[in-house]
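Heads up: the structure comes next, in structure tokens.
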Amino acid sequence: MKDVSIMLKPASSACNMRCKYCFYHDVASERDIASFGAMSEDVACAVIDSAFELADGGSVYFAFQGGEPLLRGKDFFRFFFDRVNNGKGKSAVSLSMQTNGTLIDEEWARLFKQNGVLVGLSLDGDRNDNSFRMYADFSPAFNDIMRAAELLEGAGVDFNILSVVTGRLADNIERVYAFFKKCGFKFLQFIPCLRPFAGAEGELYMTQAQYARFLITLFNLYVKDFMRGEYVSIRRFDNWVRLYLGERCEECGVGGFCSHQFVVEGNGNVYPCDFYCLDDLLLGNITQASFSEMARSKKAEDFIRSSLVMPQKCRTCPYFFLCRGGGCKRARSYDYCAAYRAFFSACLPLFALFKTPKA
Numbered sequence: 001m002k003d004v005s006i007m008l009k010p011a012s013s014a015c016n017m018r019c020k021y022c023f024y025h026d027v028a029s030e031r032d033i034a035s036f037g038a039m040s041e042d043v044a045c046a047v048i049d050s051a052f053e054l055a056d057g058g059s060v061y062f063a064f065q066g067g068e069p070l071l072r073g074k075d076f077f078r079f080f081f082d083r084v085n086n087g088k089g090k091s092a093v094s095l096s097m098q099t100n101g102t103l104i105d106e107e108w109a110r111l112f113k114q115n116g117v118l119v120g121l122s123l124d125g126d127r128n129d130n131s132f133r134m135y136a137d138f139s140p141a142f143n144d145i146m147r148a149a150e151l152l153e154g155a156g157v158d159f160n161i162l163s164v165v166t167g168r169l170a171d172n173i174e175r176v177y178a179f180f181k182k183c184g185f186k187f188l189q190f191i192p193c194l195r196p197f198a199g200a201e202g203e204l205y206m207t208q209a210q211y212a213r214f215l216i217t218l219f220n221l222y223v224k225d226f227m228r229g230e231y232v233s234i235r236r237f238d239n240w241v242r243l244y245l246g247e248r249c250e251e252c253g254v255g256g257f258c259s260h261q262f263v264v265e266g267n268g269n270v271y272p273c274d275f276y277c278l279d280d281l282l283l284g285n286i287t288q289a290s291f292s293e294m295a296r297s298k299k300a301e302d303f304i305r306s307s308l309v310m311p312q313k314c315r316t317c318p319y320f321f322l323c324r325g326g327g328c329k330r331a332r333s334y335d336y337c338a339a340y341r342a343f344f345s346a347c348l349p350l351f352a353l354f355k356t357p358k359a
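Under full-length UniProt numbering, think of the first position of the sequence shown as 1, with each following residue one higher.
And the structure:
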């Protein structure tokens, strides 16, 4: 019995938006085939059956991402959810969907609610802060995303907000956080904007100083709200607090090493990580090999083993027990060491405030 995490790309890299910083557009452009098209029901069945076989009664986590996964349509997801419910046996199942929200209507919201889908809604702040997120014709998507949030809330769907931290957002985090609180959003994720493989500079990408200020400012807001009983979940901070308290983190990458997170593209191709859906890291195709077989492959083992290699400066750092070398393997290619050191130096004493008082 084991827990199994599967990420699916039911619409491959296809998307109805053209966000300036989209990391998966960059990843897909590095492959010989950028988009593998829509996932078939046969591929979906192979994914589901192999996942439950590997779990052997353990928990299974199905996460949908893209591109924009909702482009695959409601019928596909109805089929997928029914297949999962009929085949899960003793396994506990969690379903999540990361979406730009622009296609969500009342029917989508009902479908999510009926199947207990946790929705991640991509939004970087108010109308001005969200301007890097646009449609293919460069028109703004802000109003449609906010309408999606209203529909999800109205249907009682659990959802969180995912924001990409650009240099501009980092400089305005007080305003962004205040906007999210005003909207009643209580579950937030902030992920640093990743430079493309070819490298780039500009206002999309943070300097060390910007990232340090962002982390320190936001953590102080997080602590302040926690102390006055107005807690807002910020996923990265929640996980650092868990590590500080000696608990397990739940966010991929925060632990400082990779684990098996199978990512299934539209045609059934399987990769070891969302950030590394590249030709040279193809583990196989789910219609030809099981997740169990792929997990035992040399390529999968080498990928995980490579994440364990840690610079000596990290191993001797007083903040390693929380930072874990910057966390995610891909994130380590951007040296934010000075930013993390500044953050932990300034904020580590505040972590003690999250200890539960003894009776």
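We put the CB at the ideal spot given by N, CA and C, even for glycine.
From Ser259 to Lys88, what distance separates their C-alpha atoms? As a first step, residue 259 must be located in the sequence shown, where it is residue number 259. As a first step, residue 88 must be located in the sequence shown, where it is residue number 88. C-alpha separation (whole angstroms): 23 Å.
Give me the Cα-Cα distance between Glu153 and Ile104, rounded to the nearest whole angstrom. The residue you call residue 153 lines up with position 153 of the sequence shown. The residue you call residue 104 lines up with position 104 of the sequence shown. Ile104 has its alpha-carbon roughly 12 Å from the corresponding atom of Glu153.
Would you check if the distance between the CB atom of Ala51 and the CB atom of Phe291 is smaller than 8 Å? Translated into the one-based positions of the sequence shown, residue 51 becomes position 51. Translated into the one-based positions of the sequence shown, residue 291 becomes position 291. Result yes, Cβ atoms of Ala51 and Phe291 sit closer than 8 Å.
Which residues in the same chain have their Cβ closer than 8 Å to the Cβ of Arg83, if we skip the five residues on either side of it in sequence? Sequence index remark: in the sequence shown, residue 83 carries index 83 (1-based). For Arg83, where only same-chain residues beyond five positions count, the Cβ hits under 8 Å are Ala44, Cys45, Ile48.
Are three or more beta carbon pairs between the segment 170-182 and the segment 135-153 nearer than 8 Å? No, they do not touch.
Is the CB-CB distance between Tyr222 and Pro192 below 8 Å? Residue numbering aside, residue 222 sits at position 222 when the sequence shown is read from its first letter. Residue numbering aside, residue 192 sits at position 192 when the sequence shown is read from its first letter. No, Cβ-Cβ distance for Tyr222 and Pro192 is not below 8 Å.
Got a sec, what are the start and stop residues for the beta strand (DSSP E) Leu322 sits in? Position 322 of the sequence shown holds residue 322. That residue, Leu322, is in no beta strand (DSSP E); its alpha helix (DSSP H) goes 320-323.
Would you mind stating whether Val4 and Val93 have Cβ atoms separated by less than 8 Å? Translated into positions along the sequence shown, residue 4 becomes position 4. Translated into positions along the sequence shown, residue 93 becomes position 93. The answer is no: Cβ separation not under 8 Å.
Neighbour-count burial assignment, Ile33, 16 or more Cβ in a 10 Å radius: What you label residue 33 is simply residue 33 of the sequence shown in a count that begins at 1. Of the other Cβ atoms in all chains shown, fewer than 16 fall within 10 Å of the Cβ of Ile33; this residue is therefore exposed.
Could you pull the DSSP bridge partners for Leu162 from this structure? Taking the first residue of the sequence shown as position 1, residue 162 is located at position 162. In DSSP, Leu162 forms a bridge with Ser122, Gln189.
Contact belief for residue 372 with Arg31 at Cβ below 8 Å, rounded distance in angstroms: As displayed, the chain neither begins before 1 nor continues past 359, which places residue 372 out of reach and without an answer.
Please state the DSSP three-state secondary structure of Lys358. In the sequence shown, the residue the question calls residue 358 occupies position 358. Residue placement at Lys358 is poorly supported in this model, since its pLDDT is 44, which falls under 50; the coordinates are not used for a value here.
Which value, in whole angstroms, describes the spacing of the CA atoms of residue 363 and Ser297? The displayed coordinates of the chain run from 1 to 359. Any statement about residue 363 would go beyond what the structure contains.
Exposed or buried, which one is Glu106 when buried takes at least 16 other CB atoms within 10 Å? Translated into positions along the sequence shown, residue 106 becomes position 106. With fewer than 16 other beta carbons inside 10 angstroms of its own, Glu106 counts as exposed.
Among Met97, Gly116, Phe180, whose alpha-carbon lies nearest the alpha-carbon of Asn130? Within the sequence shown, residue 130 is the residue found at index 130, counting from 1. With distances taken between Cα atoms, Asn130 lies closest to Phe180.
Beta-carbon contacts of Arg72 that lie in its chain and below 7 Å, excluding the five residues immediately before and after: Your numbering for residue 72 matches position 72 in the sequence shown. Only Pro10, Ala11, Ala38, Met39 meet the Cβ criterion.
Assumed close pair Cys323, Phe344 - CB separation to whole angstroms, cut-off 8 Å: Sequence index remark: in the sequence shown, residue 323 carries index 323 (1-based). Sequence index remark: in the sequence shown, residue 344 carries index 344 (1-based). Contact flag correct, Cβ pair sits at about 7 Å.
Where Val263 falls: helix, strand or coil (DSSP): Position 263 of the sequence shown, counted from the start, is the residue given in the question as residue 263. In the displayed model, Val263 falls within a strand according to three-state DSSP.
Taking its Cβ as the centre, do 16 or more other Cβ atoms sit within 10 Å of Val309, making it buried, or is it exposed? As a first step, residue 309 is located in the sequence shown; it is residue number 309 there, counting from the start. The residue in question, Val309, is exposed, as its Cβ has fewer than 16 Cβ neighbours within 10 Å.
Which stretch, first to last residue, makes up the alpha helix (DSSP H) that contains Tyr177? Position 177 of the sequence shown, counting from 1, holds the residue named residue 177. Under the DSSP assignment, Tyr177 falls in the alpha helix (DSSP H) whose first and last residues are 173-182.
Which residue from Ser35, Ala28, Gly125, Thr316 puts its Cα closest to that of Asn143? Within the sequence shown, the letter at position 143 stands for residue 143. Measuring from the Cα of Asn143, the nearest candidate turns out to be Gly125.
Inter-residue Cα distance where the pair is Tyr276 and Ala141: Residue mapping note: residue 276 aligns to position 276 of the sequence shown, counting from 1. Residue mapping note: residue 141 aligns to position 141 of the sequence shown, counting from 1. Those two C-alpha atoms are separated by around 28 Å.
Distance between Thr166 and Tyr205 (C-alpha atoms, nearest Å): Counted from its first residue, the sequence shown places residue 205 at position 205. Counted from its first residue, the sequence shown places residue 166 at position 166. The straight-line gap from Cα to Cα measures roughly 5 Å.
In angstroms, rounded to a whole number, what distance separates the CA positions of Asn220 and His25? Start at 1 with the first residue of the sequence shown, and residue 220 comes out as number 220. Start at 1 with the first residue of the sequence shown, and residue 25 comes out as number 25. So the alpha carbons of these two residues sit roughly 34 Å apart.
Alpha carbon to alpha carbon, how far is Leu243 from Leu348? For the purposes of this step, residue 243 is taken as residue 243 along the sequence shown, with counting starting at 1. For the purposes of this step, residue 348 is taken as residue 348 along the sequence shown, with counting starting at 1. Answer to the nearest angstrom: the Cα atoms are 12 Å apart.
What is the DSSP secondary structure of Pro140, reduced to helix, strand or coil? Here residue 140 corresponds to residue number 140 of the sequence shown, with the count starting at 1. Strand, per DSSP.
Neighbour-count burial assignment, Asp56, 16 or more Cβ in a 10 Å radius: Indexing the sequence shown from 1 puts residue 56 at position 56. By the 10 Å Cβ count, Asp56 comes out exposed.
Mind checking which residues open and close the beta strand (DSSP E) that includes Leu8? Along the sequence shown, one-based indexing puts residue 8 at 8. Here the beta strand (DSSP E) through Leu8 covers 4-8.
How many Å lie between Asn269 and Cys22 at the Cα? Start at 1 with the first residue of the sequence shown, and residue 269 comes out as number 269. Start at 1 with the first residue of the sequence shown, and residue 22 comes out as number 22. Linking Asn269 to Cys22 through their CA atoms gives a straight-line distance of about 21 Å.
Determine the burial state of Ala352: buried for a count of at least 16 other Cβ atoms within 10 Å of its Cβ, exposed for fewer. Counted from its first residue, the sequence shown places residue 352 at position 352. The residue is exposed, with fewer than 16 neighbouring Cβ atoms inside 10 Å.
For Gly284, write down the residues that DSSP places opposite it in a beta bridge. Translated into positions along the sequence shown, residue 284 becomes position 284. Beta-bridge pairing links Gly284 to Val270.
Take the Cβ of Met1 as the centre, count every other Cβ of all protein chains shown within 10 Å, and call the residue buried at 16 or more, exposed below. The residue you call residue 1 lines up with position 1 of the sequence shown. It counts as exposed.
Mind checking who Gln114 pairs with in its DSSP beta bridge? Taking the first residue of the sequence shown as position 1, residue 114 is located at position 114. Under DSSP, no beta-bridge partner is assigned to Gln114.
Quick check on Ser307: buried or exposed, where buried means 16 or more other Cβ atoms within 10 Å of its Cβ? Taking the first residue of the sequence shown as 1, we reach residue 307 at position 307. So Ser307 ends up on the buried side.
Identity of the residues DSSP links to Ser96 by a beta bridge: Position 96 of the sequence shown, counted from the start, is the residue given in the question as residue 96. For Ser96, which the question treats as bridged, DSSP gives the partners Ala63, Leu118.
Just curious, the alpha helix (DSSP H) that Lys74 is in, first and last residue? Walking along the sequence shown from the start, residue 74 turns up at place 74. Note, Lys74: alpha helix (DSSP H), 74-87.
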